[in-house]
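Here is the structure we will look at, set down as structure tokens.
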Amino acid sequence: MVIWLNGTFGVGKSSVTDELLAMIPNALLFDPEEVGFLLRRILPNPTGDFQDLPPWRRLTITTIAEIHTYTRQTLLVPMTLLNQAYAEEIFAGLEGCGIETVHVLLHAADAALRTRINKHIMFPDDPARDTEVRRWRLDHIDAYEKAFGWLTTQAYVIDTTSLTPRHVAERVAKSSLMRRPVV
Numbered sequence: 033m034v035i036w037l038n039g040t041f042g043v044g045k046s047s048v049t050d051e052l053l054a055m056i057p058n059a060l061l062f063d064p065e066e067v068g069f070l071l072r073r074i075l076p077n078p079t080g081d082f083q084d085l086p087p088w089r090r091l092t093i094t095t096i097a098e099i100h101t102y103t104r105q106t107l108l109v110p111m112t113l114l115n116q117a118y119a120e121e122i123f124a125g126l127e128g129c130g131i132e133t134v135h136v137l138l139h140a141a142d143a144a145l146r147t148r149i150n151k152h153i154m155f156p157d158d159p160a161r162d163t164e165v166r167r168w169r170l171d172h173i174d175a176y177e178k179a180f181g182w183l184t185t186q187a188y189v190i191d192t193t194s195l196t197p198r199h200v201a202e203r204v205a206k207s208s209l210m211r212r213p214v215v
């Protein structure tokens with residue numbers, strides 16, 4: 033099984049993933065961003081977003097399938113997917129590999145999200161980098177809001193506004209036990 037944790041940048045996907053790793057025996061973390069980092073060193077990317085590269089989407093599917101086949105363990109995938117066509121391509125590819133996927137959207141009210149982003153310090157030793165990442169996250173909220181409509185039709189939505197990462201993880205685990213697959 034794959035549990036794909038989607039949501040805007042800064043909503044808490046990594047924090048929830050850490051909790052899930054502690055809760056789900058033998059769960060593994062797979063971060064498709066690592067595939068993107070690899071491709072950035074090899075391929076030109078006119079848009080700057082590795083998700084726009086078809087090889088990223090295909091390699092993400094293939095890598096998940098290979099890891100799943102090899103381990104037979106639950107894979108936790110914290111990755112923002114806001115492009116509906118890309119999400120459908122990836123989820124259809126996983127389904128074609130016979131991999132059950134639970135797509136979970138972590139959502140927070142706008143004010144709470146902005147507060148989280150502004151309070152979170154990722155690079156305490158590099159304030160300039162921290163400011164850059166914070167600005168980048170804030171700049172992508174509009175894209176998330178535009179994608180929110182289709183996301184709510186294809187994912188199990190958890191409002192994280194007033195929940196701790198542990199409580200969100202408990203809800204994710206419960207949704208996974210109900211085997212709520214991607215629609």
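Mapping of the sequence shown onto our numbering: position 51 corresponds to residue 83, and the numbering continues sequentially without gaps.
From the three backbone atoms N, C-alpha and C, an ideal C-beta is built for every residue, glycine too.
{"Asked": "Using only the alpha-carbon positions, how far apart do S208 and V134 sit?", "Found": "6 Å"}
{"Asked": "Are the CB atoms of I99 and L37 within a distance shorter than 9 Å?", "Found": "no"}
{"Asked": "Could you tell me which residues DSSP puts in a beta bridge with D191?", "Found": "H139"}
{"Asked": "Can you tell which of S47, P57, D84 has its C-alpha closest to the C-alpha of T106?", "Found": "P57"}
{"Asked": "Which class does S207 belong to by DSSP, given the choice of helix, strand or coil?", "Found": "helix"}
{"Asked": "From the DSSP output, in three-state form, read off I149 for me.", "Found": "helix"}
{"Asked": "Spatial neighbours of H199 within its chain, please: CB distance less than 8 Å, with the 5 preceding and 5 following residues excluded, ordered by chain position.", "Found": "none"}
{"Asked": "Below 9 Å between beta carbons: does that hold for L75 and L137?", "Found": "no"}
{"Asked": "If you follow the beta strand (DSSP E) that P64 is part of, which residue opens it and which one closes it?", "Found": "From DSSP, P64 is part of no beta strand (DSSP E); its letter is neither H nor E."}
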